[in-house]
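S.K.:
Number of protein chains: 2
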Amino acid sequence: MTGLTLFIETYKKQVEETMLDQVKELNAPSTLRDAMVYSLEAGGKRIRPILLLATIDAFGLDCKIGLMPAAALEMVHTYSLIHDDLPSMDDDDLRRGKPTNHKIFGEAHAILAGDALLTESFRLISMMDHATAEQKVSLITELATAAGAIGMVGGQVADLEGENSSLTLPELESIHERKTGHLLIYSVIAGGILSGATQKQIEQLHSYAYHIGLAFQIRDDILDVEGDEQEIGKPIGSDISNNKSTYPALLGMDGAKQKLEHHLIQAKEALSHLPLQNNLLSSIADLIVERRS
Amino acid sequence: MTGLTLFIETYKKQVEETMLDQVKELNAPSTLRDAMVYSLEAGGKRIRPILLLATIDAFGLDCKIGLMPAAALEMVHTYSLIHDDLPSMDDDDLRRGKPTNHKIFGEAHAILAGDALLTESFRLISMMDHATAEQKVSLITELATAAGAIGMVGGQVADLEGENSSLTLPELESIHERKTGHLLIYSVIAGGILSGATQKQIEQLHSYAYHIGLAFQIRDDILDVEGDEQEIGKPIGSDISNNKSTYPALLGMDGAKQKLEHHLIQAKEALSHLPLQNNLLSSIADLIVERRS
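One line per chain: the protein sequences are A and B, in this order.
So for the first sequence, this note's numbering puts the first residue at 2; every next one is plus one.
So for the second sequence, this note's numbering puts the first residue at 2; every next one is plus one.
1) With distances taken Cα to Cα, identify the nearest neighbour of TYR80/A among THR120/A, CYS64/A, LEU21/A and TYR211/A.
2) Mind checking if LEU33/B is an interface residue toward chain A, Cβ cutoff 8 angstroms exclusive?
3) How big is the Cα-Cα spacing for LEU348/A and VAL158/A?
4) According to DSSP, is LEU95/B part of a helix, a strand, or is it coil?
5) Should MET37/B and VAL16/B be called a contact, given that it needs their Cβ atoms to be closer than 8 angstroms?
6) Hey, does LYS137/B have any beta-carbon neighbour from chain A nearer than 8 angstroms?
7) Which residue from ALA210/A, LEU62/A, THR247/A and LEU87/A puts its Cα closest to that of ILE266/A?
8) Quick check: is the beta carbon of SER89/A nearer than 8 angstroms to any beta carbon in chain B?
9) In the DSSP assignment, find the unbroken alpha helix (DSSP H) run with GLN15/A in it and report its ends.
10) Can you tell me the Cα-Cα spacing of GLN1/B and ILE237/B, whole angstroms?
11) Identify each residue in the region 117-150 of chain A for which the Cβ-Cβ distance to at least one residue of chain B is less than 7 angstroms, and report them in chain order.
12) What does GLN157/B touch in chain A if you count any residue whose Cβ is under 8 angstroms from its own?
13) If I measure Cβ to Cβ from LEU173/B and keep anything under 7 angstroms in the same chain, skipping five residues before and after, which residues do I get?
14) Check the DSSP bridge columns for PRO100/A and list the partner residues they point to.
15) Buried or exposed: which applies to ARG34/B, given that a residue is buried once 16 or more other Cβ atoms fall within 10 Å of its Cβ?
16) CA-CA distance, GLU178/A and GLU204/A?
17) Return the residue from the list LEU195/A, LYS180/A and GLY163/A that minimises the CA-CA distance to GLN136/A.
18) For chain A, is any of its Cβ atoms less than 8 angstroms away from the one on ASN28/B?
19) Output yes if chain D places a C-beta closer than 8 angstroms to the C-beta of VAL154/A; else output no.
20) Return the Cβ separation of ARG124/B and THR142/A in integer angstroms, given the expectation that the two are a contact with Cβ distance under 8 angstroms.
21) Please determine, among LEU87/A, SER31/A, GLY44/A and PHE60/A, the residue with the shortest C-alpha to C-alpha distance to GLY314/A.
22) Taking a Cβ distance cut-off of 9 angstroms, strictly less, list which residues of the region 160-177 of chain B are near chain A, in chain order.
23) Would you say HIS183/B lies against chain A (beta-carbon separation less than 8 angstroms)?
24) Please compile the residues from chain A whose C-beta is within a distance smaller than 7 angstroms of the C-beta of ALA109/B.
25) Look up PHE106/A in the DSSP assignment and say whether it is helix, strand or coil.
26) Among LEU206/B, GLY256/B, GLY214/B and ILE213/B, which has the Cα closest to the Cα of LEU277/B?
27) Taking only three categories from DSSP, how would you classify ARG293/A?
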C-alpha cells in the first residue's frame, strides 16, 4: 500500500464520520436530517477533503486540524450534486448507482437538504478549533467566492445555458473552471491557509490545483470514450450521445492526452517551488491522471 | 415625520443600494445576476436590516458600519422567499404583486439565484469593513445557525410537513420561531455584536427580538381576518381558506389580541435593561403591533 493509498483510506473515513456526526446531532426535523445524511453517505472519491488534508500534511502539520473544514467542503460539494440532479436542472434519477436525493425525499426536501448543507458548511468553519479568527474569515471568504455566483453556481448556470451548443475550447475550460475548478482550488488553498502558507506559496498552490482540476476533467472526458463501463459506473459514450462538448471531441484523443500530460507537468512544476515534507500532492496529481474510474 | 419613519426611509434605500451594488459587480453569467437582482428589487419591508441598523444606532454608534451585514441578511431572507415560492414548495405565482422568480427565470435559475444569494451573504460578511475578525466569525456562526437546519430551513421543512394538519399552539409557535423568528432574532443580535454588547445585553436583545417576532406573526394572522385587502395586498381570509393554523383560530380574536399585547410588553421590558441612546427599538415594536399591512 502506498503512502497516498493509506492516507486516503484513513482520512476519507474520518471526514465521513465528521460530516455525519455534525449532521446527526442537529436539532432539526428528522426528515431533513435523513435527506442530508442520505446524500452525505452516498460515497464518492472525497477528492476535495483529501486535497485539503494532504496539503496540511505536506506542509508538515497534523492534518487533523483540517477535519472540520474538510467536512464542510464535502458538504458544499454534496449540496451542489443534490441541486444539480433536480428535475429542473440535469434531471438525474441515479447518482453513483443510487437513486438521487429527490427520488427518495421529493423535490422540496432535496432543495432544502441542499440549502441546509450549504449553510451548515459555513457554520462548521466558523466554529472549528485549531484556527485563528483571521484564518476562519479567510476560509469563509475563499469558500463563498469559490462556491458562489462567480464560481460554482455561476458555472452551473453557464453549463445549463451551454447545453446542446458547440463550445469552443476556451468556453469549455471557462465552464469547467467555474463549475468544478474553483472548489478544487479552494481545497488546496484552504489547506495552505491552515498551514500558515505565505502569499507566494498560496499562489503556487493555486497553480497546482488549477492544473490538476483541468487534468481531472480531461481524464473524465477520456474515460467516457476509453474507460471500462464496469469501472466508471456509467455507460461509455454518454457524453457523445448527450451531445456534450468534451476535450477528445475538440482536440482529438491524442490532443486530449497531450493536454492531460501538459497539465500534470505544470502541476508538478508548481509543487517544486514549495517547501513540502512529502510527495502526497504529487502522488495525487499522478492518481488523477492515471485513474481508471 | 417621526424619527423611526425617517430612519427607515433613509436606511431602507441604503441597504437596497448596497445589495444591488454588490450583486451587479459580480463577474457572473448575466442571467444569474438578473435573477438575483429581480428578487432583491421586489421590495418588502426590509424589517431585518432595519432592525440590525436600528440596534447599532440605539447603542450610540454610526449604524453605517452595519450596512454590509444588513445587506447580507436581506439577501438570506430573499433567497428563502425564492425557494419557498418554488412549485415543489408553496407553488406561488405572485409575491408582492409581481410574478415570482421562477415564473420569470424558470425553476433552475430560481434555485441557483437563491443558492447564490445565500452564498454571497457569507462572503459579504467575511469581507466587511468596520469589524474585527472575531466579530465577523460571530456574525457568521449566528447567521448560519439562524438560517440553517436548526433554524429557518428546518422551519420550512416543519411547515411543509404541518400543512393541512391542525397544530397545537406550541407546535405553531415552534414553526414560527424556526421559520421566521430565528432570523429576526439574528437581526438584532448582529447589531449587538457589532456594537460590542456584553453577553448579558445580547440576552436582553434576544428576548426583545423573540417577542417582536411572535408579535409580528400574530399581527399577520389578525390582519388576515381584519385587514384591508388593498392595504395588505392579498385576499382577506386566505389563511382560513388554505386551512392554515393561526393565532385567531387557536385563541379566538380576543385571545390573539391579548397575546399580541403580552409580547409587546415583554419586548419593551427587555429593552428597559439596556443602555440605549434612543427609542428606535421601542418604536419598531409599536410599529409591528400597529401596522395595517
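We put the CB at the ideal spot given by N, CA and C, even for glycine.
M.R.: Short version:
1) THR120/A
2) At least one chain A Cβ lies under 8 angstroms of LEU33/B.
3) Residue coverage of chain A in this structure runs from 2 to 294, which leaves residue 348/A outside it and unanswerable.
4) strand
5) Contact: no.
6) Using a CB distance cut-off of 8 angstroms, LYS137/B counts as an interface residue toward chain A.
7) Out of ALA210/A, LEU62/A, THR247/A and LEU87/A, ALA210/A has the C-alpha closest to the C-alpha of ILE266/A.
8) yes
9) 4-25
10) Within the shown structure, residues of chain B are numbered from 2 to 294, placing residue 1/B beyond reach of any answer.
11) Within the region 117-150 of chain A, those residues whose Cβ lies closer than 7 angstroms to any Cβ of chain B are, in chain order, ALA117, LEU119, THR120, GLU121, PHE123, ARG124, SER127, MET128, ALA134, GLU135, LYS137, VAL138, ILE141, THR142, ALA145, THR146, ALA148, GLY149 and ALA150.
12) LEU113
13) SER246 and LEU251
14) LEU95/A
15) buried
16) 16 angstroms
17) LEU195/A
18) yes
19) Looking at the structure shown, chain D is missing, and the protein chains on hand are A and B.
20) Their Cβ separation, rounded to whole angstroms, is 6 angstroms, which keeps ARG124/B and THR142/A in contact under 8 angstroms.
21) Because residue 314/A is not part of the residues shown, which for chain A are 2 to 294, the question remains open.
22) Across the region 160-177 of chain B, CB contacts with chain A closer than 9 angstroms involve LEU161 and GLU162, in sequence order along the chain.
23) no
24) SER89, MET90 and LEU161
25) helix
26) When only C-alpha atoms are compared, the closest one is LEU206/B.
27) Note: ARG293/A maps to coil in three-state DSSP.
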